[in-house]
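**Student:** My structure is below; once you've seen it, I'll send some questions.
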Amino acid sequence: MTTQTAPEGILVTTTSASTQTPPAARPPVTERSADGGSGSGTGSYEPPTPPRPRRLPSPIRPSAFGAEDVFLLVASAFSALCLVWIVFYQLTSLSGGLGFLVAWYFTFLALVWLGTTQLIERQVATDRVVGVVVVSAALLVIGLVLFIVVWVAYKALPSIHWVALFTKDQKNFQVADPNALSQVGILHAIVGTVEQVLIAVAIGVPFAVATAIYLNEVKGFGSRTVRTVVTAMSGTPSVVAGIFIYSMLILTGVLHYSGFAASLALVVILLPSVTRVVEEVLRVVPSGLREASQALGAPEWRTVWSVVLPTARSGVVTAVLLGIARIVGETAPLLFTAFGSQVMNLNAFSHDQASLPLVIWSDVRQAQPVLIDLAFQAAFVLMTLVLILFVLARIFSRPRGRKSGKRRGGNRPAEDDFMARIFVPIPIEESTDR
Amino acid sequence: MTTTLPPSSAPTDPDRPASFSGTHVLGEPGQIDADGVCAWFGGRIVLESVDLVMEKSKVTALIGPSGCGKSTFLRILNRMHEVVPGAQLAGSVELDGVDIYGPGQRAMETRRHIGMVFQKPNPFPAMTIAENVLAGLKFSRISPANKSDLIEESLTKGGLWNEVKDRLGELGGALSGGQQQRLCIARSLAVKPRVLLMDEPCSALDPTSTLRIEQTIKEIADEVTVVIVTHNMQQAQRVSDYCAFFLAEENQPGRVIESGRTEMIFGEPTDQRTFDYVNGQFG
Ligand SMILES: Nc1ncnc2c1ncn2[C@@H]1O[C@H](COP(=O)(O)OP(=O)(O)O)[C@@H](O)[C@H]1O
Ligand SMILES: [Mg+2]
Chain R
0 MTTQTAPEGI
10 LVTTTSASTQ
20 TPPAARPPVT
30 ERSADGGSGS
40 GTGSYEPPTP
50 PRPRRLPSPI
60 RPSAFGAEDV
70 FLLVASAFSA
80 LCLVWIVFYQ
90 LTSLSGGLGF
100 LVAWYFTFLA
110 LVWLGTTQLI
120 ERQVATDRVV
130 GVVVVSAALL
140 VIGLVLFIVV
150 WVAYKALPSI
160 HWVALFTKDQ
170 KNFQVADPNA
180 LSQVGILHAI
190 VGTVEQVLIA
200 VAIGVPFAVA
210 TAIYLNEVKG
220 FGSRTVRTVV
230 TAMSGTPSVV
240 AGIFIYSMLI
250 LTGVLHYSGF
260 AASLALVVIL
270 LPSVTRVVEE
280 VLRVVPSGLR
290 EASQALGAPE
300 WRTVWSVVLP
310 TARSGVVTAV
320 LLGIARIVGE
330 TAPLLFTAFG
340 SQVMNLNAFS
350 HDQASLPLVI
360 WSDVRQAQPV
370 LIDLAFQAAF
380 VLMTLVLILF
390 VLARIFSRPR
400 GRKSGKRRGG
410 NRPAEDDFMA
420 RIFVPIPIEE
430 STDR
Chain F
0 MTTTLPPSSA
10 PTDPDRPASF
20 SGTHVLGEPG
30 QIDADGVCAW
40 FGGRIVLESV
50 DLVMEKSKVT
60 ALIGPSGCGK
70 STFLRILNRM
80 HEVVPGAQLA
90 GSVELDGVDI
100 YGPGQRAMET
110 RRHIGMVFQK
120 PNPFPAMTIA
130 ENVLAGLKFS
140 RISPANKSDL
150 IEESLTKGGL
160 WNEVKDRLGE
170 LGGALSGGQQ
180 QRLCIARSLA
190 VKPRVLLMDE
200 PCSALDPTST
210 LRIEQTIKEI
220 ADEVTVVIVT
230 HNMQQAQRVS
240 DYCAFFLAEE
250 NQPGRVIESG
260 RTEMIFGEPT
270 DQRTFDYVNG
280 QFG
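Here you go:
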């Protein structure tokens, strides 16, 4: 490929079969059309013309956000700051950081609107203000998430003792020991959380998917009522789920405090959330696919199993994932069911079992700084666990069908990109058309 | 009012088979006799006493303005009508002399013998091209002796083999619209149906793809009877041997106004309304 620098504009290097010719071999022809065609009409030999870079005009975006707009925003922000400061501390004696911030934000919006009205016009001003509100809402959310992550990491990481954290439980904790963090860990809680969540998923997800299929595919008797019940159930406070299992199964002596009892309480929370999401996902599967499948002679269960569910696969995986994310940090239902423990208990079906939320809940209220540190480390591990789950699920939910080697111009190039696979939303194939 | 197609060659032997499934010879075209077919949606009648014979190995086109019940009639022919909640029907439909609505006939079995291609291409997006072709067999739990031969044969019949033979492992959704529709045709042909119903198979496609599909229809006609709904008069003339004109007059259910050989319907229709329609006077 040959490139030339040009003072301005975009440089396009044309590539063709003749690209391999080194620049030195360029014939001394100067005035030729820029397309670099190798004039095939002439009989005489002509060496292949190397490609000429075409000069394109520099592209513009007429309504792009330019320097003036940025200036307007910055100026508005700054003037709003000054204005609010004067009002707060010079004219009145108001105080309070939050009030200041809120007053500043609204003054800022007003100034953006005024400024844009003056410089451009009213309609654009309203548009701009709405844009600023939307962008700042997004920034606020991202900021909060980052803040939480960074804060927990900041509290957890300096004192962390990685090996002990992942290999020990809390039974060797001694208050007097200055090196206590090398003696205690949260392995028991990690094991407890993983077991409880896995059991809850193993019980809850099949039920949830079956319910969603009943609601959306079978549309059987009473599906309206079932949907209402599921919706109401998703509003159940999680502590009630715990009390329910506690009073139904533990007080009556059917079960003892155990990880399994905790799993049952978690199922109560998992079931409605997964059901609703799976139902939404199934609804997006085009009805034409169901008809096509039936027209090929498939029984209904085949249609659901071989056509509808595979089509909705990434959505179903995402639903399960959201369900896990919903229950992995639940604390209240575990209080009466798993009960919590300082020591390792591998068997989820008998005796008290620890879990990450319970360790956080009990340790962060202790007087010993070591335990508070441990609680933050448990929080850090919990967040990391959720992140890993998300990444794994995004990877597993990628569309398949590349089994046999060659692949040309598939229409989902983004799926090849690892990061894109994680962060691109679930591909929704087509909208419903029924 | 309703005219039947030229004298049919329906099997008239006295001991007709009670079920067509046992007598089915793979790849053998079938004949459909519809007799007094009526259809209702939620109590509203949309189709009234349609008598029509769809000849073995021929292409029959159903034409008529939209809303006159062509799709409904087509779906009655392979028992897809009853899938719609609130849909009812009357009359009889015989495939090679066996009533598909007779007692003991199963809808799934019928649909295997009478395949269908829809207006909108609908390959299964979660399956590869090869899996799409084999889907019908998989649904019927039949495993073909030689999968790759069957895939090649079906895709060749569908007119798609040369374009996809190197990319059978790609997802069905990665094809263009016209290719997807031909994949759907290949998918329907892979189960070796006796009749193939097509509901406006080209109306979502560009002219080139349309021509390819018409080509395909002509090629498969010796192996499978084709019934095609189309809004395109030229297409009906190009591909069909027989033609039936449906019409639903105001506040009336749809009826067959006229049917017969395509040249006749387009050349010298006996009914003024048919003449108006095929000459683009209304509809
Ligand atoms: N699922 C349905 N529910 C209720 N009415 C329907 C349904 N499908 C079609 N109809 C009605 O049946 C009549 C015939 O429709 P259709 O067979 O689709 O016509 P065509 O295919 O000739 O355009 C129309 O009046 C239409 O409104
Ligand atoms: Mg129609």
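In the order they appear, the protein sequences are chains R and F. If you count the first sequence from 1, position 143 lands on 142 in numbering that gives the first Met the number 0, and the numbers rise without skipping. If you count the second sequence from 1, position 158 lands on 157 in numbering that gives the first Met the number 0, and the numbers rise without skipping. We put the beta carbon where it would ideally sit given N, CA and C, even for glycine. In this text, all values refer to a predicted model and were calculated from it rather than measured experimentally.
#1: Can you find a C-beta in chain R that's less than 7 Å from the C-beta of F:ASN121?
#2: Quick one: does the C-beta of F:SER70 sit closer than 6 Å to a heavy atom of ligand 2?
#3: Going by the C-beta, is F:CYS242 closer than 6 Å to any heavy atom of ligand 3?
#4: Would you mind telling me which residues of chain F sit closer than 7 Å to R:LEU288, beta carbon to beta carbon, in chain order?
#5: For R:ILE119, which of R:ALA79, R:GLU67 and R:VAL307 has the nearest alpha-carbon?
#6: Given that F:GLY135 touches chain R, what residues does it touch there, using C-beta distances under 7 Å?
#7: Following a CB-centred definition, is F:CYS201 positioned closer than 6 Å to any heavy atom of ligand 1?
#8: For the beta strand (DSSP E) that contains F:SER91, what are its first and last residues?
#9: For R:SER246, report the span of its alpha helix (DSSP H) as first-last.
#10: Helix, strand or coil for F:THR215, going by three-state DSSP, please let me know.
#11: Helix, strand or coil: how does DSSP classify F:CYS67 here?
#12: For F:MET197, which beta-bridge partners are listed by DSSP?
#13: According to DSSP, which residues form a beta bridge with F:TRP39?
#14: Does the distance between the C-beta of F:SER65 and the nearest non-hydrogen atom of ligand 1 fall short of 6 Å?
#15: Between the region 180 to 194 of chain F and the region 100 to 117 of chain F, are three or more C-beta pairs nearer than 8 Å?
#16: Candidates F:PHE72, F:ALA33, F:PRO28 and F:GLN30: which alpha carbon is nearest F:GLY253's?
#17: Out of R:VAL363, R:ARG393 and R:ASN344, state which residue places its alpha-carbon closest to the alpha-carbon of R:ILE189.
#18: Give me the chain F residues within the contact set of R:THR310, using Cβ-Cβ distance strictly less than 8 Å, ordered along the chain.
#19: Decide if R:THR224 is buried, meaning its Cβ has at least 16 other Cβ atoms within 10 Å, or exposed.
#20: Spell out a yes or no on whether the region 185 to 194 of chain F and the region 289 to 303 of chain R are touching, meaning 3 or more CB-CB pairs, one atom from each, closer than 8 Å.
#21: Any heavy atom of ligand 1 within a distance shorter than 6 Å of the CB on F:PHE117?
#22: Would you please state the rounded distance, in angstroms, between the beta carbons of F:LEU204 and F:VAL225? I believe it to be under 8 Å.
#23: What do you reckon, are the CB atoms on F:ILE153 and F:ALA185 nearer than 7 Å?
#24: Excluding the 5 residues preceding and the 5 following R:ALA434 in the sequence, name in chain order all residues of the same chain whose CB lies nearer than 8 Å to its CB.
#25: Is the Cβ of F:PRO268 closer than 7 Å to any Cβ of chain R?
#26: Can you pull the chain R neighbours of F:GLY35, defined as C-beta to C-beta under 9 Å?
#27: Is there a Cβ from chain F that is less than 7 Å from the Cβ of R:GLY409?
#28: Which partner residues does F:PHE245 have in the DSSP bridge list?
#29: With a threshold of 7 Å between beta carbons, is F:ARG193 in contact with chain R?
#30: Could you check the C-alpha separation between F:LEU76 and R:THR230 for me, to the nearest Å?
#31: Please list, in chain order, the chain F residues whose beta carbon lies closer than 8 Å to that of R:SER292.
#32: Kindly examine ligand 1 and report whether one of its heavy atoms sits closer than 6 Å to the Cβ of F:VAL45.
#33: Would you check if the distance between the CB atom of R:ALA136 and the CB atom of R:TRP103 is smaller than 7 Å?
#34: Please determine, among F:ALA86, F:LEU88 and F:THR109, the residue with the shortest C-alpha to C-alpha distance to F:LEU94.
#35: Ligand 1 heavy atoms versus the CB of F:VAL49: any closer than 6 Å?
#36: Give the interface partners of F:MET232 over in chain R, defined as CB-CB distance under 7 Å, in chain order.
**Tutor:** Looking at the atomic coordinates:
#1: To locate residue 121 of chain F, count along the second sequence from 1; it is residue 122. It does: the Cβ of F:ASN121 has a partner Cβ on chain R nearer than 7 Å.
#2: Position 71 of the second sequence, counted from the start, is the residue given in the question as residue 70 of chain F. Flag set: Cβ of F:SER70 near ligand 2.
#3: In terms of ligand content, the structure shown lacks ligand 3 and carries ligand 1 and ligand 2 instead.
#4: Stepping through the first sequence from its first residue, residue 288 of chain R is reached at position 289. Those are ASN121 and PHE123, listed as they occur along chain F.
#5: Within the first sequence, numbered from 1, the residue matching residue 119 of chain R stands at position 120. The shortest Cα separation from R:ILE119 among R:ALA79, R:GLU67 and R:VAL307 belongs to R:GLU67.
#6: Taking the first residue of the second sequence as 1, we reach residue 135 of chain F at position 136. Residues of chain R passing the Cβ test: LEU295 and GLY296.
#7: Within the second sequence, the letter at position 202 stands for residue 201 of chain F. Checking every heavy atom of ligand 1 against the Cβ of F:CYS201, none is found closer than 6 Å.
#8: Residue 91 of chain F sits at position 92 when you count from the first residue of the second sequence. Residues 86 to 94.
#9: Here residue 246 of chain R refers to the residue found at position 247 when the first sequence is read from its first residue. Unbroken run through R:SER246: none, as it is neither H nor E.
#10: On the second sequence, position 216 is the one that residue 215 of chain F refers to. Here F:THR215 sits in helix by DSSP.
#11: Taking the second sequence and counting its residues from 1, the one referred to as residue 67 of chain F is at position 68. If DSSP states are grouped into helix, strand and coil, F:CYS67 belongs with coil.
#12: As a first step, residue 197 of chain F is located in the second sequence; it is residue number 198 there, counting from the start. F:MET197 pairs with F:VAL116 and F:ILE227.
#13: As a position in the second sequence, residue 39 of chain F is number 40, starting the count at 1. Answer is F:ILE44 and F:GLN87.
#14: Looking up residue 65 of chain F in the second sequence gives position 66. It does: the Cβ of F:SER65 is within 6 Å (strictly closer) of some heavy atom of ligand 1.
#15: Segment contact: the region 180 to 194 of chain F against the region 100 to 117 of chain F, three or more CB-CB distances shorter than 8 Å; contact assigned.
#16: By 1-based counting over the second sequence, the position of residue 253 of chain F is 254. Answer by Cα proximity: F:PHE72.
#17: Against the first sequence, residue 189 of chain R aligns to sequence position 190. Relative to the Cα of R:ILE189, the nearest Cα in the group R:VAL363, R:ARG393 and R:ASN344 belongs to R:ASN344.
#18: Taking the first sequence and counting its residues from 1, one reaches residue 310 of chain R at position 311. Per Cβ cutoff of 8 Å: PHE123, PRO124 and ALA125.
#19: By one-based count along the first sequence, residue 224 of chain R stands at place 225. Burial call: exposed.
#20: The region 185 to 194 of chain F, when compared against the region 289 to 303 of chain R, does touch it at the 8 Å Cβ threshold.
#21: Your numbering for residue 117 of chain F matches position 118 in the second sequence. No; taking the cut-off as 6 Å, the Cβ of F:PHE117 has no heavy atom of ligand 1 nearer than that.
#22: As a working note, residue 204 of chain F is residue 205 in the second sequence. As a working note, residue 225 of chain F is residue 226 in the second sequence. The C-beta distance from F:LEU204 to F:VAL225 rounds to 17 Å, too long to fall under 8 Å, and the pair is not in contact.
#23: Position 154 of the second sequence, counting from 1, holds the residue named residue 153 of chain F. Position 186 of the second sequence, counting from 1, holds the residue named residue 185 of chain F. The question names Ile, but residue 153 of chain F is Ser in the sequence shown. Taking 7 Å as the Cβ cut-off, F:SER153 and F:ALA185 qualify as a contacting pair.
#24: Past the boundaries of the shown model lies residue 434 of chain R; chain R is included only from 0 to 433, so the question cannot be answered.
#25: Locating residue 268 of chain F in the second sequence gives position 269, where the first residue counts as 1. Not closer than 7 Å to any Cβ of chain R, the Cβ of F:PRO268 fails to qualify, so no.
#26: If you number the second sequence from 1, residue 35 of chain F lands on position 36. Under the 9 Å cutoff, chain R gives no residues; its nearest Cβ is about 24 Å from F:GLY35.
#27: Within the first sequence, residue 409 of chain R is the residue found at index 410, counting from 1. In this predicted model, R:GLY409 has a pLDDT of only 41, less than 50, meaning its place in the structure is not dependable; the value taken from the coordinates is given anyway. For R:GLY409, the answer is yes, since a Cβ of chain F falls inside 7 Å of its Cβ.
#28: Within the second sequence, numbered from 1, the residue matching residue 245 of chain F stands at position 246. F:VAL255, per the DSSP bridge assignment.
#29: Sequence index remark: in the second sequence, residue 193 of chain F carries index 194 (1-based). Judged by the 7 Å Cβ criterion, F:ARG193 is not in contact with chain R.
#30: Translated into the one-based positions of the second sequence, residue 76 of chain F becomes position 77. Translated into the one-based positions of the first sequence, residue 230 of chain R becomes position 231. Near 41 Å, if we compare the C-alpha coordinates of R:THR230 and F:LEU76.
#31: What you label residue 292 of chain R is simply residue 293 of the first sequence in a count that begins at 1. Proximity of chain F to R:SER292 at the Cβ level (cut-off 8 Å) is accounted for by PHE123, ALA134 and PHE138, in chain order.
#32: The residue labelled residue 45 of chain F in the question sits at position 46 within the second sequence. F:VAL45 Cβ: within cutoff of ligand 1.
#33: The residue given as residue 136 of chain R occupies position 137 in the first sequence. The residue given as residue 103 of chain R occupies position 104 in the first sequence. Their beta carbons are not under 7 Å apart, which means R:ALA136 does not touch R:TRP103 by this criterion.
#34: Your numbering for residue 94 of chain F matches position 95 in the second sequence. Relative to F:LEU94, the option among F:ALA86, F:LEU88 and F:THR109 whose CA is nearest is F:THR109.
#35: For this step, residue 49 of chain F is matched to residue 50 along the second sequence. It does not: the Cβ of F:VAL49 is nowhere closer than 6 Å to a heavy atom of ligand 1.
#36: Indexing the second sequence from 1 puts residue 232 of chain F at position 233. By Cβ distance, chain R contributes nothing, its closest Cβ being about 26 Å from F:MET232, past 7 Å.
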